[in-house]
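Protein sequence lines, in the order shown, are assigned to chains A and B.
For the first sequence, position 169 (counting from the first letter as 1) is numbered 169 according to this note's numbering, and the numbering increases by one without interruption.
For the second sequence, position 122 (counting from the first letter as 1) is numbered 1122 according to this note's numbering, and the numbering increases by one without interruption.
Yeah, the Cβ is synthetic: ideal placement off N, Cα and C, and Gly gets one too.
Since the structure is predicted, the reported quantities are computational estimates derived from the model, not experimental observations.
Number of protein chains: 2
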Amino acid sequence: MKYPNGLNKDYKKNINYKNRGMNLEDDINLANEYYLIHNIASIYKKPTPIGIVKVDNSGIIHEAYFKTPSTTDYNGIYKGKYIDFEAKETIENNFPLKNIHEHQIKHLNTISNMGGIGFIIVSFVKLEKTFILSNYYLQKFISSNIRKSIPLKYFEDYGYIVNYKLNPRLDYLKIVDILLEGENNEFKENN
Amino acid sequence: MKYPNGLNKDYKKNINYKNRGMNLEDDINLANEYYLIHNIASIYKKPTPIGIVKVDNSGIIHEAYFKTPSTTDYNGIYKGKYIDFEAKETIENNFPLKNIHEHQIKHLNTISNMGGIGFIIVSFVKLEKTFILSNYYLQKFISSNIRKSIPLKYFEDYGYIVNYKLNPRLDYLKIVDILLEGENNEFKENN
């Protein structure tokens, strides 16, 4: 299997991105460390799923492959709520939907239906803008569009921009607060 | 690094345990599939964290090693609540605390303090008995004992036995219902 979407970020980072500065994943991981230290939230990136073929007696793996993830990259707890999201960078001025697996989109919807907070964080690398789009508006776009990518305009209209600040650089839970406030309204509109 | 605790279960299973029948992890995974299909809960096992050293152009990994997990094995959402637990088998008639990493114990406590439901599921293989012990009683044991293993009696007194049934075989959320009911009382006692 070739690299699945977003699965080889850690590896690529070590090889190519070393001098590039922070990427979205680094920013989220640093924010999560900040949130944990300050008892604000406990949110972690799930390890990349790996299928192991060969391993020796000392526990060194000699053959393995990347597996397709069943769920999203990040989950955890914030203000007593279950939080679940996928984070993606795009170099386009739109967000190609092929960057998220279909079962990840379905997973986010399951989470919302069960009372959790599901969303995507998308970083438009060239524009240096990062948005959060709630699961509600993600599903709304998919169900009412045949387009294969979400235009930037849709993020501007229905998403929330995450402003960069000193510490944590990407304080994305500030936006999650807005999603939490709007949760009941969106739920009503949805049902 | 040698195999960390519980990290090589998948691998060991394929090698040694093939004809042994179901183990605790299989039972939990099957229960989780059942819960998901029936819209009861969305709970997943996190992938084993792997450090990748060498990977070729086709995405095949040629050198990697097992990393120590930061958190517990399982988390997800049930009845709108964040659920987080670690599952372990023991062949002893007690549960050696070295089977859980110290940061996993700390993680479970963080989750409880943040309003999530944290616990351990321990299967006593020889006795064919499986118990759930809430984070509350896990921490209580650790803080008031110098013993390096939790005796079966403690699970009998303060935990809940998970009875095996037809489908799902290990319906552990039935016990989580009891933890959810008792949550407020334990919280009061704790504070």
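Name the chain A residues whose beta carbon is nearer than 8 angstroms to that of His1062 of chain B? Walking along the second sequence from the start, residue 1062 of chain B turns up at place 62. Result: His62 and Glu63.
Is it buried or exposed, Met114 of chain A, if we count other Cβ atoms within 10 angstroms and call 16 or more buried? The count along the first sequence starts at 1 and reaches residue 114 of chain A at position 114. So Met114 of chain A ends up on the buried side.
Would you say Tyr1076 of chain B and Tyr1044 of chain B are within 8 angstroms of each other, going by their C-beta atoms? Counted from its first residue, the second sequence places residue 1076 of chain B at position 76. Counted from its first residue, the second sequence places residue 1044 of chain B at position 44. Tyr is not the amino acid found at residue 1076 of chain B; the sequence shown has Gly there. It is a contact, given that the beta carbons lie within the stated cut-off.
By Cβ distance below 7 angstroms, which residues in the same chain neighbour Tyr1164 of chain B in space, the five residues on each side in sequence not counted? Taking the second sequence and counting its residues from 1, one reaches residue 1164 of chain B at position 164. If we look at Tyr1164 of chain B and ignore the five residues flanking it on each side, its Cβ neighbours are Leu1170.
Continuous alpha helix (DSSP H) assignments of at least 4 residues falling wholly in the segment 1079-1116 of chain B: Here the runs fully enclosed are 1102-1113.
Measuring only the C-alpha atoms, how far is Phe1066 of chain B from Ile1050 of chain B? Taking the second sequence and counting its residues from 1, one reaches residue 1066 of chain B at position 66. Taking the second sequence and counting its residues from 1, one reaches residue 1050 of chain B at position 50. Straight-line Cα distance between these residues: approximately 5 angstroms.
To which residues of the same chain is Thr1072 of chain B closer than 7 angstroms at the C-beta, ignoring the five residues directly before and after it? Translated into the one-based positions of the second sequence, residue 1072 of chain B becomes position 72. Contacts found: Asp1084, Phe1085, Glu1086, Gln1104, His1107 and Leu1108.
The beta strand (DSSP E) spanning Tyr44 of chain A covers which residue range? Your numbering for residue 44 of chain A matches position 44 in the first sequence. In this chain, the beta strand (DSSP E) harbouring Tyr44 of chain A covers Ala41 to Lys45.
Using a C-beta cutoff of 8 angstroms, does Asn1075 of chain B count as contacting chain A? Translated into positions along the second sequence, residue 1075 of chain B becomes position 75. Answer yes: the Cβ-Cβ gap between Asn1075 of chain B and chain A drops below 8 angstroms somewhere.
Output yes or no for whether 8 angstroms exceeds the beta carbon distance between Gly159 of chain A and Leu133 of chain A. Translated into positions along the first sequence, residue 159 of chain A becomes position 159. Translated into positions along the first sequence, residue 133 of chain A becomes position 133. In contact: Gly159 of chain A and Leu133 of chain A (Cβ atoms closer than 8 angstroms).
Measure the alpha-carbon distance for Ile1175 of chain B versus Val1162 of chain B and round it to whole angstroms. Residue numbering aside, residue 1175 of chain B sits at position 175 when the second sequence is read from its first letter. Residue numbering aside, residue 1162 of chain B sits at position 162 when the second sequence is read from its first letter. If I take the Cα positions, the gap works out to 7 angstroms.
Would you mind telling me which residues of chain B sit closer than 8 angstroms to Ile146 of chain A, beta carbon to beta carbon, in chain order? Along the first sequence, one-based indexing puts residue 146 of chain A at 146. Result: empty, since nearest Cβ-Cβ is about 28 angstroms, beyond 8 angstroms.
Pairwise C-alpha distance: Lys46 of chain A and Tyr74 of chain A: What you label residue 74 of chain A is simply residue 74 of the first sequence in a count that begins at 1. What you label residue 46 of chain A is simply residue 46 of the first sequence in a count that begins at 1. Here the alpha carbon of Tyr74 of chain A sits roughly 6 angstroms from the alpha carbon of Lys46 of chain A.
In three-state terms, what does DSSP make of Asn1075 of chain B? Taking the second sequence and counting its residues from 1, the one referred to as residue 1075 of chain B is at position 75. In this structure, Asn1075 of chain B counts as strand in the three-state DSSP scheme.
DSSP beta-bridge partners of Pro151 of chain A: Locating residue 151 of chain A in the first sequence gives position 151, where the first residue counts as 1. Pro151 of chain A pairs with A:Asn94.
Looking at Phe1141 of chain B: is its Cβ nearer than 8 angstroms to the Cβ of Leu1179 of chain B? As a first step, residue 1141 of chain B must be located in the second sequence, where it is residue number 141. As a first step, residue 1179 of chain B must be located in the second sequence, where it is residue number 179. No. Outside cutoff.
Quick one: give me the first and last residue of the beta strand (DSSP E) that Tyr65 of chain A is part of. By 1-based counting over the first sequence, the position of residue 65 of chain A is 65. Note, Tyr65 of chain A: beta strand (DSSP E), Ile60 to Phe66.
Quick check on the DSSP output: the alpha helix (DSSP H) that includes Leu36 of chain A runs from which residue to which? Residue mapping note: residue 36 of chain A aligns to position 36 of the first sequence, counting from 1. Start and end: Leu24 to Ile37.
Per DSSP, what kind of secondary structure is Leu180 of chain A in: helix, strand or coil? Walking along the first sequence from the start, residue 180 of chain A turns up at place 180. Leu180 of chain A: helix per DSSP, three-state reduction.
Run through DSSP, which three-state label would Gly1006 of chain B get? For the purposes of this step, residue 1006 of chain B is taken as the residue at position 6 of the second sequence. Confidence is the limiting factor: at Gly1006 of chain B the pLDDT is only 43, short of 50, which leaves the residue's position unreliable, though a coordinate-based value still follows. Reduced to three states, the DSSP call for Gly1006 of chain B is coil.
Inspect the beta-carbon positions of Leu1152 of chain B and Asn1099 of chain B and report whether they are closer than 8 angstroms. Within the second sequence, numbered from 1, the residue matching residue 1152 of chain B stands at position 152. Within the second sequence, numbered from 1, the residue matching residue 1099 of chain B stands at position 99. The answer is no: Cβ separation not under 8 angstroms.
Among B:Gly1182, B:Ser1123, B:Lys1054 and B:Tyr1082, which one has its Cα closest to the Cα of Glu1156 of chain B? Counted from its first residue, the second sequence places residue 1156 of chain B at position 156. The residue with the shortest Cα to Cα distance from Glu1156 of chain B is B:Ser1123.
Within this structure, are the beta carbons of Ile1121 of chain B and Tyr1172 of chain B separated by less than 8 angstroms? Your numbering for residue 1121 of chain B matches position 121 in the second sequence. Your numbering for residue 1172 of chain B matches position 172 in the second sequence. Yes, the pair counts as a contact, with Cβ atoms nearer than the cut-off.
Check Ser1070 of chain B in the structure and name its three-state DSSP category. Taking the second sequence and counting its residues from 1, one reaches residue 1070 of chain B at position 70. Ser1070 of chain B falls in the coil class under three-state DSSP.
Please work out which residues of its chain come closer than 8 angstroms, Cβ to Cβ, to Glu183 of chain A, disregarding the five sequence neighbours upstream and downstream, and give them in chain order. Along the first sequence, one-based indexing puts residue 183 of chain A at 183. So the list reads Ile117, once near-sequence residues are dropped.
How about Pro168 of chain A and Tyr78 of chain A: are their beta carbons less than 8 angstroms apart? Sequence index remark: in the first sequence, residue 168 of chain A carries index 168 (1-based). Sequence index remark: in the first sequence, residue 78 of chain A carries index 78 (1-based). For Pro168 of chain A and Tyr78 of chain A, no; Cβs fall outside 8 angstroms.
For the beta strand (DSSP E) that contains Lys1129 of chain B, what are its first and last residues? The sequence position of residue 1129 of chain B within the second sequence is 129, counting from 1. From DSSP, the beta strand (DSSP E) with Lys1129 of chain B extends over Lys1129 to Ser1134.
Reduced DSSP category for Tyr164 of chain A - H, G, I as helix; E, B as strand; rest coil: Within the first sequence, the letter at position 164 stands for residue 164 of chain A. Residue state for Tyr164 of chain A is assigned as strand, using DSSP reduced to three classes.
Give a yes or no on whether 8 angstroms exceeds the smallest Cβ distance from Met114 of chain A to chain B. If you number the first sequence from 1, residue 114 of chain A lands on position 114. Judged by the 8 angstroms Cβ criterion, Met114 of chain A is in contact with chain B.
Assuming Glu1089 of chain B contacts Leu1024 of chain B (C-beta within less than 8 angstroms), just tell me the rounded distance between them. Counted from its first residue, the second sequence places residue 1089 of chain B at position 89. Counted from its first residue, the second sequence places residue 1024 of chain B at position 24. Indeed, because the Cβ distance is near 5 angstroms, the residues count as touching under 8 angstroms.
Identify the continuous beta strand (DSSP E) that holds Lys1054 of chain B and give its terminal residues. Counting from 1 along the second sequence, the entry for residue 1054 of chain B is found at position 54. Residues Ile1050 to Val1055.
Quick one: what's got a C-beta closer than 6 angstroms to Ile61 of chain A's C-beta in the same chain, skipping five residues either side? What you label residue 61 of chain A is simply residue 61 of the first sequence in a count that begins at 1. Only Ile52 and Val55 meet the Cβ criterion.
DSSP three-state label for Ile1142 of chain B, please. Walking along the second sequence from the start, residue 1142 of chain B turns up at place 142. Helix at Ile1142 of chain B.
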